[in-house]
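Peer 1: Can you read through this structure? Questions will come right after.
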Amino acid sequence: MSRYTRPHDGQVRLMTKIARMYHERGARQADIAQALNISQAKVSRLLKRAEAVGIVRTIVTVAPGVYTELEERLETAYGLTDVVVVDVDPEADEAETLASIGAGAAAYLEATLSGTDRIGVSSWSQTILAMVDRMRPLPTRGATEVVQLLGGMGAAEAQSHSNRILGELARMLGAEPVYVPAPGIVAGPDIRDSLLSGASMQDVTRRWRELTMAIMGIGSVEPSDVLATSGNAFTDEERSPLLAAGAVGDICHRIFRADGSLVRGDIDDRIIAIPVDDLHRIPRRVGIAGGPRKLEAIRGALAGDWVTTLVTDLRTAENLAD
């Protein structure tokens, strides 16, 4: 006995044919319309319907070392615009972890710059140094200016190194470098106010208010060995009252607690750096940090809306998601 197969609905057959021509053979919609003697508008409409009824299904294959699902979880949990999770060897030490995060930050920066960005940089940061080390000059201008977000810190050699980082980043992006012509911490508020009122600092503070992006390290109150020897860390005398006030981290030497709230006091009144309100008005604030020593500081930075984008390592991202 012969089998009778009921013919498919004509529209279903046409949708399937169009979908195969478009998705499998790479035919253009205009060519499909001409071949099937229908309008291009109908081709477009049937392609959309083919997706709606399940004839066409999109499958995204995630490449090894890409963690988009984890990134999206963190974006939702912390209200972030973007998260970049960098694959790091589980056995990596702190220096290797920072190098990997820096490479991830370099790739992110190169992929997202508009060419018209005005970028602020907290130029003393091991992760920012690692980022700059892994960048190459862009074929077209990546930004109009790169501006220091805080004054020089630590020993003269460390300050010179900080300036070189900013200058090298500006060179890579084809941008104008803008330096803060003042120390990062001074003896008292009167000295700070006097320096801020000078013409050269007035130019810098104006540029701070015009920034479209900030690239910042996230510091912990307890410094790494490298940071401690550079003279950029808080002294024991400065650190004790900060810890007593609940400090967990800093961005541009603005100290915050675990809930992200600002720790005000003696140090805050002596800092020459972008004001907190100006910092929070920057549309894109990229925090670059990772490793177990920075976990509490990163949590505080996220809780206080100090950053809109986070670049970190896989293990830190997993801990943040728990």
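All letters in the sequence shown, in the order written, are residues 1 to 322 by UniProt numbering. Using N, Cα and C, we set each Cβ at its ideal position, and we do this for glycine too. Bear in mind that the values here come from a model prediction, so they are computed numbers and not experimental data.
Label I32 either buried or exposed according to how many other C-beta atoms from any shown protein chain fall within 10 Å of its C-beta, with 16 as the threshold for buried.
Peer 2: Taking the first residue of the sequence shown as 1, we reach residue 32 at position 32. With 16 or more Cβ atoms within 10 Å of its Cβ, I32 is classed as buried.
Peer 1: Check whether the region 107 to 126 touches the region 211 to 221, taking contact to mean three or more Cβ pairs, one atom from each stretch, closer than 8 Å.
Peer 2: These segments touch.
Peer 1: Who does D250 pair with in a DSSP beta bridge?
Peer 2: Reading the sequence shown from its first residue, position 250 is the one you call residue 250. Looking at the DSSP assignment, D250 forms a beta bridge with G219 and I255.
Peer 1: What are the start and end residues of each continuous beta strand (DSSP E) run of 3 or more residues lying completely inside the region 109 to 148, in chain order?
Peer 2: The qualifying runs are 117 to 121 and 143 to 148.
Peer 1: Would you grab the beta carbon distance between V85 and Y67 for me? Rounded to a whole angstrom, and I think it's under 8 Å.
Peer 2: One-based indexing of the sequence shown puts residue 85 at position 85. One-based indexing of the sequence shown puts residue 67 at position 67. So it is a contact: roughly 4 Å between Cβ atoms.
Peer 1: Short check: CB of T309 to CB of G287, under 9 Å?
Peer 2: As a position in the sequence shown, residue 309 is number 309, starting the count at 1. As a position in the sequence shown, residue 287 is number 287, starting the count at 1. In this structure, G287 lies closer than 9 Å to T309 by Cβ.
Peer 1: Tell me whether L302 is buried or exposed, calling it buried when 16 or more other Cβ atoms sit within 10 Å of its Cβ.
Peer 2: Taking the first residue of the sequence shown as 1, we reach residue 302 at position 302. That one is buried.
Peer 1: Use the C-beta contact count for R192: other C-beta atoms within 10 angstroms, 16 or more gives buried, fewer gives exposed.
Peer 2: Translated into positions along the sequence shown, residue 192 becomes position 192. When all chains shown are included, R192 counts as buried.
Peer 1: Could you pull out every residue in the same chain whose Cβ sits closer than 7 Å to the Cβ of I218, ignoring the five residues on either side in sequence?
Peer 2: Position 218 of the sequence shown holds residue 218. Closer than 7 Å at Cβ, skipping near neighbours: G249, I251, G287, A289, K294, A297, I298 and A301.
Peer 1: Could you check which residue in G174, V178 and L173 has the C-alpha nearest to that of S162?
Peer 2: Against the sequence shown, residue 162 aligns to sequence position 162. Ranking G174, V178 and L173 by Cα distance to S162 puts V178 first.
Peer 1: Return the Cβ separation of A19 and I59 in integer angstroms, given the expectation that the two are a contact with Cβ distance under 8 Å.
Peer 2: By 1-based counting over the sequence shown, the position of residue 19 is 19. By 1-based counting over the sequence shown, the position of residue 59 is 59. With 8 Å as the limit, A19 and I59 do not qualify as a contact, their Cβ atoms being about 14 Å apart.
Peer 1: Take every Cβ of the region 191 to 208, pair it with every Cβ of the region 132 to 149, and state whether three or more of those distances are shorter than 8 Å.
Peer 2: Yes, they touch.
Peer 1: Identify which residue in D268, E96, R281 and G151 has its Cα closest to the Cα of M131.
Peer 2: As a first step, residue 131 is located in the sequence shown; it is residue number 131 there, counting from the start. Among D268, E96, R281 and G151, the Cα nearest to that of M131 belongs to E96.
Peer 1: Go ahead and label P183 buried or exposed: buried means 16 or more other beta carbons lie within 10 angstroms of its beta carbon, across all protein chains shown.
Peer 2: Looking up residue 183 in the sequence shown gives position 183. So P183 ends up on the buried side.
Peer 1: Where does R264 fall in DSSP's three states?
Peer 2: One-based indexing of the sequence shown puts residue 264 at position 264. Here R264 sits in coil by DSSP.
Peer 1: Hey, F256 and A244: beta-carbon distance below 9 Å or not?
Peer 2: Taking the first residue of the sequence shown as position 1, residue 256 is located at position 256. Taking the first residue of the sequence shown as position 1, residue 244 is located at position 244. Contact: no.
Peer 1: To the nearest angstrom, report how far apart V307 and Y78 are at their CA atoms.
Peer 2: Indexing the sequence shown from 1 puts residue 307 at position 307. Indexing the sequence shown from 1 puts residue 78 at position 78. Rounded to the nearest angstrom, the two C-alpha atoms are 10 Å apart.
Peer 1: Is there contact between the region 271 to 281 and the region 45 to 55, where contact requires at least three CB pairs shorter than 8 Å?
Peer 2: The region 271 to 281 is not in contact with the region 45 to 55.
Peer 1: Might you give, ordered along the chain, the residues of its own chain that have their beta carbon closer than 6 Å to the beta carbon of Q126, omitting 5 neighbours on each side?
Peer 2: To locate residue 126, count along the sequence shown from 1; it is residue 126. Only L98 meet the Cβ criterion.
Peer 1: Could you tell me the alpha carbon to alpha carbon distance between D203 and T76, rounded to whole angstroms?
Peer 2: Counting from one through the sequence shown, the residue named residue 203 turns up at place 203. Counting from one through the sequence shown, the residue named residue 76 turns up at place 76. Distance between the alpha carbons of D203 and T76: 38 Å.
Peer 1: Would you call A52 buried or exposed, if buried means 16 or more other Cβ atoms sit within 10 Å of its Cβ?
Peer 2: As a working note, residue 52 is residue 52 in the sequence shown. Exposed: under 16 other Cβ atoms inside 10 Å.
Peer 1: Which of the three DSSP states is assigned to A50 in this structure?
Peer 2: Sequence index remark: in the sequence shown, residue 50 carries index 50 (1-based). DSSP places A50 in helix when its eight states are reduced to three.
Peer 1: When you compare the CB positions of A321 and L80, do they come within less than 9 Å of one another, or not?
Peer 2: On the sequence shown, position 321 is the one that residue 321 refers to. On the sequence shown, position 80 is the one that residue 80 refers to. Going by C-beta atoms, A321 is not nearer than 9 Å to L80.
Peer 1: With a 10 Å radius around its C-beta and 16 neighbouring C-beta atoms as the bar for buried, classify T312 as buried or exposed.
Peer 2: Here residue 312 refers to the residue found at position 312 of the sequence shown. Classification of T312: buried, given that the 10 Å Cβ count is 16 or more.
Peer 1: Going by other Cβ atoms of all chains shown within 10 Å of its Cβ, with 16 needed for buried, is G151 buried or exposed?
Peer 2: Position 151 of the sequence shown holds residue 151. G151 comes out buried.
Peer 1: Using the Cβ count rule (16 or more neighbours within 10 Å means buried), how would you classify R28?
Peer 2: The residue given as residue 28 occupies position 28 in the sequence shown. Classification of R28: exposed, given that the 10 Å Cβ count is below 16.
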